[in-house]
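Trainee:
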Amino acid sequence: MNHGFRNANPVYTSWVVEPLTTQYDLLHDNLAEADDDSKYKQFATLKMLDFDWVFTKKNMQVLVEYLSTIENEQLLTTEQIRILIELLWSKFFFYIFTRAFIPFIIYMISMITYFQWSLSPEYVNGYDEFSVLVALTTLCSISVAGIGYFFVYEYKQASNYGVKVFVSDIWSFVDISSIILNITILVLQVMEQDAETIRQIASVAVFLLWVKMFYWMRLFGPTAAFLRMIIEIIRDSMQFIVMFFICIFMFSNALFMLNANRDPDDTLFDPDLAAPMNSIIYEYLIGLGEFGVDSYGVKDRSILWTYFVLSTFITQITFMNLLIAIMGDTFDRVSEIKEQSSLKEKVSMIRDHIWIVQKGKAFAGYKYIFVVTQ
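Mapping to the numbering used here: the sequence shown position 222 is 508, numbers consecutive.
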């Protein structure tokens with residue numbers, strides 16, 4: 287089979303071939319690579335799918351959008367759809383990797399390095415060695431170029447999606463927020479504003495850059511499956527989180543009331559923070575196993591120790607074991623649909639970057655999909 291895309295496994299073999307290049311003797315050879323021994327002979331079913339309609343007008347965008355939002359992910363594993371997704375991914379992966387992922391890695395490294403270096407106390411206090419200035423100028427130039435590159439990238443995505451869909455996407459929000467914060471930091475540095483304020487903004491900026499790395503991990507099979515697992519665990523744990531924090535608020539409110547009986551130098555909580563919030567943090571730490579009970583023996587001993595026992599039993603023992611059970615159930619469920627999840631992530635990435643490929647050029651000559659089952 288000449289000039290074709292091939293995908294093979296023990297169940298089926300498929301080709302996408304260009305018009306007028308099909309050689310059925312080669313197709314026969316692929317199916318029967320054996321001698322005349324009858325034990326190698328098998329019956330096979332050949333299906334041919336017309337493929338070039340995908341590139342008519344906006345058919346690919348409509349199809350990919352539908353597949354990326356489909357609720358019944360089992361449909362993605364149907365033979366024809368699976369082959370189609372794998373074919374599209376074989377082209378889109380290269381373009382996304384080279385035109386988006388690699389530029390982002392360069393942009394991220396240069397941006398973080400520039401922030402760390404230019405906001406260090408040594409540099410802020412007047413360190414002006416020439417080689418350092420050259421390095422910082424280079425990093426700043428790469429960072430500015432990266433900001434411009436990904437601003438245009440986001441603009442193209444917004445144009446492709448539509449503003450409403452683009453704004454509602456969490457990853458688009460992360461991208462735009464990151465770009466705005468990075469620009470803000472550079473402007474504040476030019477205006478020579480307070481370094482401590484800039485560092486606070488920079489901490490959020492680098493945090494968002496690392497958050498974006500989770501998105502790019504969807505490009506690769508093993509990390510995409512791991513990320514899908516994390517997302518599903520968080521979704522399945524929402525009811526747990528609500529109930530857990532209700533318990534935290536319950537015990538922290540009770541301790542806050544008792545804390546009013548104490549002298550200012552003998553409080554239950556760190557006086558550096560506002561008492562209501564500090565009581566919540568204190569109770570949260572108890573739930574995680576950090577027991578700050580040094581001051582329990584002064585006043586209200588009985589009721590304090592009663593709250594402590596109840597808190598550790600409910601939040602630490604009961605709730606944490608319940609969380610482990612939820613994670614185990616989610617792991618089993620997601621593992622059962624591993625193939626569907628992989629295909630869903632691929633088609634979602636294709637949807638996000640569908641404009642990056644010149645479809646008429648990348649898939650030139652691709653017309654039919656041949657599916658051979660045995």
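For glycine and all other residues, C-beta sits at the position ideal for the given N, C-alpha and C.
Need the endpoints of the alpha helix (DSSP H) that residue 507 sits in, please.
Mentor: Where residue 507 is concerned, the enclosing alpha helix (DSSP H) stretches over 507 to 522.
Trainee: Consider the Cβ of residue 448: report whether some Cβ of chain C lies at a distance smaller than 8 Å.
Mentor: The structure shown contains no chain C; it is built from a single protein chain.
Trainee: By alpha-carbon positions, which one of 600, 586, 508 ends up nearest to residue 569?
Mentor: Of 600, 586, 508, the residue nearest in Cα terms is 600.
Trainee: Please report the residue range of the alpha helix (DSSP H) in which residue 480 lies.
Mentor: Unbroken run through residue 480: none, as it is neither H nor E.
Trainee: Quick one, are the C-beta atoms of residue 467 and residue 494 less than 8 Å apart?
Mentor: Yes, the Cβ-Cβ distance between residue 467 and residue 494 is below 8 Å.
Trainee: Could you name the residues of the same chain whose beta carbon sits closer than 7 Å to that of residue 637, not counting the 5 residues immediately before and after it, in chain order?
Mentor: For residue 637, where only same-chain residues beyond five positions count, the Cβ hits under 7 Å are 350, 351, 354.
Trainee: Pull up the distance between the alpha-carbon of residue 448 and that of residue 635, whole angstroms please.
Mentor: Roughly 17 Å between the two C-alpha positions.
Trainee: When you compare only the Cα positions, how much space is there between residue 402 and residue 387?
Mentor: The alpha-carbon atoms of residue 402 and residue 387 are separated by roughly 22 Å.
Trainee: Among 359, 544, 596, 519, which has the Cα closest to the Cα of residue 617?
Mentor: Considering only alpha carbons, the answer is 519.
Trainee: At the level of alpha carbons, what is the spacing between residue 407 and residue 470?
Mentor: Computed Cα separation, rounded: 20 Å.
Trainee: Quick check on residue 332: does DSSP put it in helix, strand or coil?
Mentor: Three-state result, residue 332: strand.
Trainee: Here's the rule: buried if 16 or more other CB atoms are within 10 angstroms of the residue's CB, otherwise exposed. What is residue 453?
Mentor: Answer is exposed; the Cβ neighbour count stays below 16.
Trainee: For residue 308, which residues in the same chain have their Cβ closer than 6 Å to its Cβ, ignoring the five residues on either side in sequence?
Mentor: Low local confidence applies: a pLDDT of 43 at residue 308 is under 50, so the model's placement there is unreliable, and no value is given.
Trainee: CA-CA distance, residue 564 and residue 529?
Mentor: Roughly 20 Å between the two C-alpha positions.
Trainee: Tell me which residues share the same chain as residue 445 and place their Cβ nearer than 6 Å to its Cβ, disregarding the 5 neighbours each side in the sequence.
Mentor: Cβ within range, chain order: n/a, list empty.
Trainee: Going by C-alpha to C-alpha distance, which of 596, 441, 507, 609 sits closest to residue 536?
Mentor: Answer by Cα proximity: 596.
Trainee: Do you know how far the Cα of residue 443 is from the Cα of residue 487?
Mentor: Each residue's Cα considered, the two are about 26 Å apart.
Trainee: Just the Cα atoms here: how many angstroms apart are residue 301 and residue 334?
Mentor: Its pLDDT being 43, under 50, residue 301 is placed unreliably by the model, and nothing is read from it.
Trainee: If you follow the alpha helix (DSSP H) that residue 394 is in, where does it begin and where does it stop?
Mentor: 388 to 404 is the extent of the alpha helix (DSSP H) around residue 394.
Trainee: When the distance is taken between beta carbons, is residue 376 closer than 8 Å to residue 511?
Mentor: Not closer than 8 Å, so no.
Trainee: Residue 631 and residue 514 look like a contact to me (Cβ under 8 Å); what is the Cβ gap, rounded to whole Å?
Mentor: Contact holds; Cβ gap of about 6 Å.
Trainee: Suppose contacts are defined by Cβ-Cβ distances below 8 Å. Is residue 363 in contact with residue 626 by that definition?
Mentor: Yes; because the gap between Cβ atoms is below 8 Å, this pair is in contact.
Trainee: Name the DSSP beta bridge partners of residue 433, please?
Mentor: Answer is none; residue 433 lacks a bridge partner.
Trainee: Please classify residue 382: does DSSP put it in a helix, a strand, or coil?
Mentor: Three-state result, residue 382: helix.
Trainee: How many angstroms separate the CA atom of residue 542 from the CA atom of residue 346?
Mentor: Taking the straight line joining both Cα atoms gives about 59 Å.
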